[in-house]
Amino acid sequence: MLTLLKNTHLYAPEPLGLCHLLIADRRIAAVIADGEPLPASGPGVETVDLAGRRVIPGLVDPLVHFIGGGGEGGFGTRTLELALEDALASGVTTLVGALGTDALTRTPANLLGKARELAAGGLTTYCYTGSYQLPPVTLTGSVGSDILFIPDFIGVGEVAISDHRGSQPAASELARLAAEARTAGMLAGKSGIVFIHTGDAPTHLEPLREVARQSAIPLAQFLPTHINRTPELFEDGVRFAREGGRIDFTTSTTPALLADGEVPAAEAVARALHARVDPSRITLSSDANASLPRFDAEGRFAGLEPGRLGSLFEVLGECVEAHGLPLERALGMVSTHAADALKLTAKGRLAPGCDADLLVLADGAWTIDEVWALGRRVHRRG
Ligand code: ZN
35 MLTLLKNTHL YAPEPLGLCH LLIADRRIAA VIADGEPLPA SGPGVETVDL AGRRVIPGLV
95 DPLVHFIGGG GEGGFGTRTL ELALEDALAS GVTTLVGALG TDALTRTPAN LLGKARELAA
155 GGLTTYCYTG SYQLPPVTLT GSVGSDILFI PDFIGVGEVA ISDHRGSQPA ASELARLAAE
215 ARTAGMLAGK SGIVFIHTGD APTHLEPLRE VARQSAIPLA QFLPTHINRT PELFEDGVRF
275 AREGGRIDFT TSTTPALLAD GEVPAAEAVA RALHARVDPS RITLSSDANA SLPRFDAEGR
335 FAGLEPGRLG SLFEVLGECV EAHGLPLERA LGMVSTHAAD ALKLTAKGRL APGCDADLLV
395 LADGAWTIDE VWALGRRVHR RG
């Protein structure tokens, strides 16, 4: 089955102007410049005219708690699972799931089952093995064998550092974990990335630098998130990226987090670029369905709100509309950079051979008209 998407204003993410996209089954078969000959219409070729609307890659989200993350206020506050309909409408077509603060009542088997449910609904899903706390919780008994033998597991995370809810891991523990994930990743042709939850303790990213100093593990083996959570962590993150690391900003937020000094994600991108951070080292993640808890000055729980998958597309819009970033530049933060860091070679780009994951944007408004995932239209506005 061939699908011809005619008259797309294509961002691949680089701007290619007016083009036509030929999709064969799940993949992009050809990007055809306007004026070039098109395949003859007929049986077996479905033609859809997009009338010059902008088409961008489906978003790649490196941190989604699709079975819910935590519930730091007791069982009545457990965050909910992500619903398939919400996922399909969000514009995120590649989701990487992780356990969160709670790796006791939520399990890797549960995570894998949910990943398969979302995949059955048309999306592409992956998971991190392991947990906030060390020793890591796994499915097969070790991080290495989970990554090596289970296709869905591409790395380990979200491992907490500089946070009162983590297990306060020593540099030697982090180094051993990173080496295990890295080696298993190499053997399986995966990234073996170590996705890091960074808390607001003043040690910031120092535990990762300590690993790089004490071992042969490069900084880029880690992908630390929540780097915009406080101004101090943001400044340390800019230094970390300049030292060769990668940094991830969280797009979900709450009024309380902003009042506590969180740098809004779009502003964090603009400021990091202004500070001459290599753009390819910056990614954005939604932290969807995580608990975003508030603690008072004595560390007592004061309430929580869940993260939202839709925040990724919203922040992309803020990067463009409020901070003046060209769309093609902002798009890297939510597509190609994460795909490259996670070694998802068919994701994050609209080019021949890549998966046909794409968003059709509305004219004159920051809204998604259509979501296509693996060559199928999975959502339409209204
Ligand atoms: Zn986190």
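Everything in the sequence shown is counted per the numbering used here, starting at 35 for the first residue and increasing by one.
Just so you know, even glycine gets a beta-carbon here, dropped at the ideal spot from N, CA and C.
Model, not experiment: these values are computed from the prediction.
Would residue i and residue j qualify as a contact pair, given that the criterion is a beta-carbon distance under 9 Å?
i	j	result
F316	R280	Going by the sequence as given, residue 316 is Ile instead of Phe. The answer is yes: Cβ separation under 9 Å.
G147	H99	no
D294	G103	no
P313	R247	no
F283	I261	yes
G387	I62	yes
V9	L38	Nothing in the structure corresponds to residue 9, since the chain is present only between 35 and 416.
I184	G219	no
E207	L168	yes
L318	L291	no
S201	P236	no
T128	P340	no
L392	G92	yes
F347	V89	no
T259	S345	no
L55	L267	no
S225	K377	yes
L303	H357	Sequence inspection shows Val at residue 303; the Leu mentioned does not correspond to that position. Yes, the Cβ-Cβ distance between V303 and H357 is below 9 Å.
Who are residue i's beta bridge partners in DSSP?
i	result
R410	A407
H231	A194, T259
T37	I57, E80
S319	T284
V89	L44, V394
F187	C161
L52	H43
I101	Paired residue(s): none; I101 is not in a bridge.
I402	L395
Give a yes or no on whether 9 Å exceeds the smallest Cβ distance from residue i to chain D.
i	result
G382	Note that chain D does not occur in the displayed structure, where there is just one protein chain.
Considering just the uninterrupted stretch of the alpha helix (DSSP H) at residue i, what are its terminal residues?
i	result
E119	118 to 123
R61	Not the alpha helix (DSSP H): R61 falls in the beta strand (DSSP E), residues 61 to 67.
R46	The residue asked about is misnamed: residue 46 is Ala in this sequence, not Arg. Unbroken run through A46: none, as it is neither H nor E.
L392	No alpha helix (DSSP H) contains L392, which is instead part of the beta strand (DSSP E) from 392 to 395.
S206	205 to 222
C388	Element bounds for C388: n/a, residue is neither H nor E.
H308	299 to 308
R415	Run containing R415: none; DSSP gives neither H nor E here.
R417	A question about residue 417 goes unanswered here, because the residues of the chain that appear run from 35 up to 416.
D374	370 to 375
V349	345 to 355
L292	289 to 293
G271	265 to 276
What does a CB cutoff of less than 6 Å around residue i pick up in its chain, not counting 5 residues either side in sequence?
i	result
A373	V94, K381, G382
Y162	A132, G189, V190, G191, F229
F187	C161, T163, D180, I181
D330	A336
H371	S314, T317
E48	E362
Leaving out the 5 sequence neighbours to the left and right, which residues in its chain are closer than 7 Å to residue i when beta-carbon positions are compared?
i	result
A254	G278, G279, R280
V79	L36, L38, P73
A390	I57, R60, R61, I62, W406, L408, G409
A137	S165, Y166, Q167, V171
From what residue to what residue does the beta strand (DSSP E) around residue i run?
i	result
L338	335 to 340
E244	Where E244 is concerned, there is no enclosing beta strand (DSSP E), although the alpha helix (DSSP H) it sits in stretches over 240 to 248.
E106	Counting along the chain, E106 falls outside any beta strand (DSSP E), and DSSP gives it neither H nor E.
R328	325 to 329
L93	93 to 98
Using C-beta distances below 8 Å, list every residue in its chain close to residue i, excluding the 5 sequence neighbours before and after it, in chain order.
i	result
A153	T159
G156	L122, A407, L408, R410, V412
A396	R87, I402, D403, R415
E332	none
A85	N41
Can you list, in chain order, the stretches of the beta strand (DSSP E) that have 3 or more residues and sit fully within the region 115 to 173? Taken in chain order, the whole beta strand (DSSP E) runs of length 3 or more contained in the region 115 to 173 are 126 to 131, 158 to 163.
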